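Undergrad:
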Amino acid sequence: MFGTVSDEREVSVPASDAWKLYGGLQLAKFVGEELPGLLSKTDVVQGDGGVGTILEVFYPPGSEGLTSYKEKFTVVDDEKRVKEAEVVEGGYLDLGFTMYRVRFEVIEKDGSKNECITRATIEYEVKDEATAALVSIQPLVTVMQAAADYLQKNYNNNSTSS
Numbered sequence: 001m002f003g004t005v006s007d008e009r010e011v012s013v014p015a016s017d018a019w020k021l022y023g024g025l026q027l028a029k030f031v032g033e034e035l036p037g038l039l040s041k042t043d044v045v046q047g048d049g050g051v052g053t054i055l056e057v058f059y060p061p062g063s064e065g066l067t068s069y070k071e072k073f074t075v076v077d078d079e080k081r082v083k084e085a086e087v088v089e090g091g092y093l094d095l096g097f098t099m100y101r102v103r104f105e106v107i108e109k110d111g112s113k114n115e116c117i118t119r120a121t122i123e124y125e126v127k128d129e130a131t132a133a134l135v136s137i138q139p140l141v142t143v144m145q146a147a148a149d150y151l152q153k154n155y156n157n158n159s160t161s162s
């Protein structure tokens, strides 16, 4: 069974500013610092944030038997502002998923250079339909909302102080 789920947030900053956070390794660092209850830590196994980068992501203690997973950046497109990471070891693969991919997109809002839309999408494949119930977009919604708040606060502070 193949499935997909997504959500998006409007952000009152230019898409280029939002991409600075979403486009490389900065988002993992941000989540670790700003949302410590979501993940306990993220280690860079290899790479510099481009395609082929592998991260090991650790869950906080008590996360339903899951301790960590490794994800690989399979797409980092600075022009289209799209980043995809696929779980390559542990995590959802240990729960019976055959594929689990997260995509972040930063989309310039039509008619506005100072607004954008951030979209998170989860694509997955699983043999057992009941296992699909484990997929939740909510953690990514939490990340997008915290990122939107951070970007709007910092962009607005920087633009008014210049």
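According to UniProt numbering, numbering within the sequence shown proceeds without interruption in unit steps and concludes at 162.
Cβ atoms here follow ideal geometry from the backbone N, Cα and C, with glycine treated the same way.
Predicted, not measured: the structure shown is a model, and the values here were computed from it.
#1: With a CB to CB cut of under 8 Å and the five nearest residues on each side skipped, what residues in its chain are close to proline 139?
#2: So, at 7 Å on beta carbons, what are the nonlocal neighbours of proline 14 in its own chain, with the 5 sequence-adjacent residues on each side left out?
#3: Taking the C-alpha atoms as reference points, what is the distance between threonine 98 and glutamate 129?
#4: With DSSP as the reference, label valine 13 as helix, strand or coil.
#5: Identify every run of the beta strand (DSSP E) within the stretch 64-123, keeping only runs that are complete inside it and at least 3 residues long; order them along the chain.
#6: Looking only at C-alpha atoms, which of Ile54, Thr142 and Leu93 sits nearest to leucine 134?
#7: Does the stretch 144-155 come close enough to the stretch 48-57 that 3 or more CB-CB pairs lie under 8 Å?
#8: For threonine 118, is the classification buried or exposed, using 16 other Cβ atoms within 10 angstroms of its Cβ as the cut-off for buried?
#9: My understanding is that valine 126 touches alanine 132, with C-beta atoms under 8 Å, so please give their C-beta distance in whole angstroms.
TA: Judging by the given coordinates:
#1: Answer for proline 139: Leu38, listed in chain order.
#2: Correct list, in chain order: Lys113, Asn114 and Cys116.
#3: Rounded to the nearest angstrom, the two C-alpha atoms are 12 Å apart.
#4: Looking at valine 13 - three-state DSSP - the assignment turns out to be coil, as it is neither helix nor strand.
#5: Whole beta strand (DSSP E) segments, 3+ residues: 68-77, 82-90 and 97-108.
#6: Closest option to leucine 134, Cα to Cα, is Leu93.
#7: Flag = no, the stretch 48-57 and the stretch 144-155 do not touch.
#8: Threonine 118 is buried by the Cβ-count criterion.
#9: With a Cβ gap of about 5 Å, valine 126 and alanine 132 count as contacting.
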